[in-house]
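Okay, so here's the structure we're looking at.
Residue numbers (the working numbering): 61 to 345.
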């Protein structure tokens, strides 16, 4: 199993620290680039974590910023961590960029809050449900069959990394009742999927709630996942047909946090939700 931790977050922390050191030295990106014979764009890409710098690049920057020996060692250690390979890197070519970033942040998160009004959350899906769902999506988006297979592999690998980690992610999920009634595959696929939801609802790190269709629906939005990432900042990932969007603006993220809090107050509690799931399994006989 991979270690809990994410090179994505390490890379971002390194970029933020290098930017802070540059500003402390009262230097612009253009000035640093001129001294090193680099482009200003390279400085920007390093500071915004859009590229992974070489060790020699980091060392050159630390010389210009006149960093002491202790901090130099700390930042070089952070750089080494940032170059480690996350489990998702093997699938980078087949995934949208924003989703790849989300997976990296999720690996470092301590808690996730997931609202899903349309399909079972990816972390809880069975392989048969994933395949049926993605084959249906393939017909509507003309995705290549190989892309479907790759995305199924990613979904299963993500479950292995997150749910079976030594320190598993604390997950709170609210599902609209329609998720349980929307068919993907045949009845057996749906029965298996609902039984999986019952199983994961019993995990000590998972709180699963159902929002019945006849309950008050406090928000009108698509699926989103709110991540709490220590020593970084909370982020929200918004699901979309062909990818997604990562939201990092603190004011907007806070509004999603409040919205999820309200959703939980309108949903069934975890015990009643489990009983609701057990009853709904019979719908797919």
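C-beta atoms are modelled at their ideal positions from N, C-alpha and C, and glycine is treated no differently.
message: DSSP has residue 232 in a bridge; who is on the other side?
response: For residue 232, DSSP records a beta bridge to 173 and 267.
message: Quick check on the burial criterion: 16 or more other C-beta atoms within 10 angstroms. Buried or exposed for residue 247?
response: Exposed, because fewer than 16 other Cβ atoms sit within 10 Å of the Cβ of residue 247.
field: When 89, 125 and 106 are compared against residue 81, the one with the closest alpha-carbon
entry: When only C-alpha atoms are compared, the closest one is 125.
query: CA-CA distance, residue 271 and residue 336?
result: Between the C-alpha atoms of residue 271 and residue 336 there is a straight-line separation of about 10 Å.
message: Taking 8 Å as the cut-off, does the region 124-141 touch the region 160-176 (at least 3 CB pairs, one atom from each stretch)?
response: No, the region 160-176 does not touch the region 124-141.
field: Whether residue 183 touches residue 235 by CB criterion (8 Å)
entry: Not in contact: residue 183 and residue 235 (Cβ atoms no closer than 8 Å).
task: Tell me whether the beta-carbon of residue 15 lies closer than 8 Å to the beta-carbon of residue 112.
output: No answer is possible for residue 15: it lies beyond the span of the chain, which begins at 61 and ends at 345.
query: Along the chain, where does the alpha helix (DSSP H) that runs through residue 322 open and close?
result: Residue 322 -> alpha helix (DSSP H) spans 310-326.
- request: Please work out which residues of its chain come closer than 7 Å, Cβ to Cβ, to residue 340, disregarding the five sequence neighbours upstream and downstream, and give them in chain order.
  value: Answer for residue 340: 240 and 254, listed in chain order.
task: Compare the Cα-Cα distances from residue 87 to each of 220, 121, 109 and 237 and report the closest residue.
output: For the residues 220, 121, 109 and 237, the minimum Cα distance to residue 87 belongs to 121.
- request: Can you give me the start and stop residues for the alpha helix (DSSP H) that residue 102 sits inside?
  value: It spans 100-107 - the alpha helix (DSSP H) in which residue 102 sits, taken as one unbroken run.
query: Under the rule that 16 or more other beta-carbon atoms within 10 Å means buried, what is residue 202, buried or exposed?
result: Confidence at residue 202 is low in this model, with a pLDDT of 47, below 50, so its placement is unreliable and no value can be given for it.
Under the three-state DSSP convention, the category residue 145 falls into: Residue 145 falls in the coil class under three-state DSSP.
task: Give me the Cα-Cα distance between residue 290 and residue 233, rounded to the nearest whole angstrom.
output: Distance between the alpha carbons of residue 290 and residue 233 is about 20 Å.
task: Please report the Cβ distance between residue 257 and residue 180, rounded to the nearest whole angstrom; I am assuming they are in contact, meaning their Cβ atoms lie under 8 Å.
output: With 8 Å as the limit, residue 257 and residue 180 qualify as a contact, their Cβ atoms being about 7 Å apart.
message: Out of 307, 283, 309 and 152, which one is the CA nearest neighbour of residue 299?
response: The candidate whose alpha carbon is nearest that of residue 299 is 283.
- request: Taking the CB atoms as reference points, tell me whether residue 318 and residue 307 lie closer together than 8 Å.
  value: The Cβ-Cβ distance between residue 318 and residue 307 does not fall below 8 Å.
message: To the nearest angstrom, how far is the alpha carbon of residue 312 from that of residue 294?
response: A direct Cα-to-Cα measurement between residue 312 and residue 294 gives close to 10 Å.
field: DSSP beta-bridge partners of residue 75
entry: According to DSSP, residue 75 shares a beta bridge with no other residue.
field: Environment of residue 281 [buried if 16+ CB atoms lie within 10 Å]
entry: Taking all protein chains in view, the Cβ of residue 281 is surrounded by fewer than 16 other Cβ atoms within 10 Å, so the residue is classified as exposed.
- prompt: What first and last residue would you give for the beta strand (DSSP E) that runs through residue 303?
  reply: In the DSSP assignment, residue 303 falls within the beta strand (DSSP E) that extends over 303-307.
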